[in-house]
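For the sequence shown, the numbering used here gives the first residue as 9, with consecutive numbering after it.
Worksheet for the structure shown next.
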Amino acid sequence: MLETGKWGEEQAANYLINKGYTILARNYRHQKAEIDLIAQTGNWVVAVEVKTRTGKQLEEPFRAITKTKQRLLIKAINFYVRSWPVPVEVRMDAISVVQHQNDVVIQHVQDAFPAF
Numbered sequence: 009m010l011e012t013g014k015w016g017e018e019q020a021a022n023y024l025i026n027k028g029y030t031i032l033a034r035n036y037r038h039q040k041a042e043i044d045l046i047a048q049t050g051n052w053v054v055a056v057e058v059k060t061r062t063g064k065q066l067e068e069p070f071r072a073i074t075k076t077k078q079r080l081l082i083k084a085i086n087f088y089v090r091s092w093p094v095p096v097e098v099r100m101d102a103i104s105v106v107q108h109q110n111d112v113v114i115q116h117v118q119d120a121f122p123a124f
């Protein structure tokens, strides 16, 4: 079985694909940052931070996205889109994947924090 984080990223990617997004990159690295998923929907390029928890972990997933982590992600996605030949809108989303026994709950927050 995949480690918890990778499993959650796979669940989040499948969720986005089912919602009509195209996955452009997984685990994109720039300097000290790693963006879990970069997706596109229409004219939007979306950086997605995925937080996965199991029934044993009681911490709320989104609380793990610190201000420092947000700044690193913003720098990374802005670097990523600089090379695009056409202008695009950039958005920072967060997805939590929580598994408790046989249930999986996915929560998607668009514009979780500002991209600039």
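Every residue gets a Cβ at the ideal spot worked out from N, C-alpha and C, and that includes glycine.
Host alpha helix (DSSP H) of residue i (start-end)
| i | result |
| --- | --- |
| Val89 | Lys75 to Arg90 |
| Gln118 | No alpha helix (DSSP H) contains Gln118, which DSSP labels as neither H nor E. |
| Lys14 | Thr12 to Asn26 |
Nearest-angstrom Cβ-Cβ length linking residue i and residue j, presumed shorter than 8 Å
| i | j | result |
| --- | --- | --- |
| Ala102 | Ala120 | 4 Å |
| Leu81 | Glu57 | 6 Å |
Nearest to residue i (by Cα), restricted to the options the options
| i | options | result |
| --- | --- | --- |
| Arg79 | Val112, Thr49 and His38 | His38 |
| Ala21 | Arg61, Asn51 and Ala47 | Ala47 |
| Arg34 | Gly28, Lys14 and Glu97 | Lys14 |
| Thr60 | His108, Val112, Val117 and Gly16 | Gly16 |
| Leu24 | Gln109, His108, Ser104 and Asn110 | Ser104 |
| Asn86 | Ala72, Glu18 and Ala55 | Ala55 |
| Ala41 | Met100, Gln115, His108 and Lys77 | Lys77 |
| Tyr36 | Asn26, Trp92, Gln19 and Leu45 | Leu45 |
| Arg94 | Lys27, Thr30, Gly50 and Ile43 | Here residue 94 is Val; the residue named in the question, Arg, does not match the sequence. For the residues Lys27, Thr30, Gly50 and Ile43, the minimum Cα distance to Val94 belongs to Gly50. |
Beta-carbon gap between residue i and residue j smaller than 8 Å
| i | j | result |
| --- | --- | --- |
| Thr62 | Thr12 | yes |
| Trp52 | Val117 | no |
| Val112 | Val98 | no |
Residue interval of the beta strand (DSSP E) (run including residue i)
| i | result |
| --- | --- |
| Arg61 | Trp52 to Thr62 |
| Gln39 | From DSSP, Gln39 is part of no beta strand (DSSP E); its letter is neither H nor E. |
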